[in-house]
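Shown next, in structure tokens, is the structure this report addresses.
Numbering (the numbering used here), first residue to last: -5 to 105.
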């Protein structure tokens, strides 16, 4: 096992300006991603522009659908507290399933 820590080191890269999208309270994560992608491409965040970015966002979600072993291990840390009598493989599988279910639910929110 690699061990997992929620502490992230600060780097000079974190000082870089990140794209900021106009975020509304009812905006889905997919819409935020599409708007941020539009902004990074120098487009406006008008409805037609950001909606044109939806296929790229969907492609990214499809590409990251399966979590890495490291991600499973990180999620397993949470599931250990929910069902402490399971084994390590079960924890990792539970974490992977949660990841997949969350991504699938997010994709269903596509406008």
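We treat Cβ as the ideally placed atom computed from N, Cα and C, and that holds for glycine.
The model shown is predicted, which means the values in this text are computed figures rather than measured ones.
(request) Output the distance between the C-alpha atoms of residue 49 and residue 40, rounded to the nearest integer angstrom. (result) 16 Å
(request) Assign residue 28 to one of two classes, buried (16 or more other C-beta atoms within 10 Å of its C-beta) or exposed (fewer than that). (result) buried
(request) Using a threshold of 7 Å, state whether the C-beta atoms of residue 74 and residue 64 are closer than that. (result) no
(message) Distance check for residue 47 and residue 31, CA to CA, integer angstroms please.
(response) 7 Å
(message) My output table needs one value for residue 47: the three-state DSSP class, helix, strand or coil.
(response) coil
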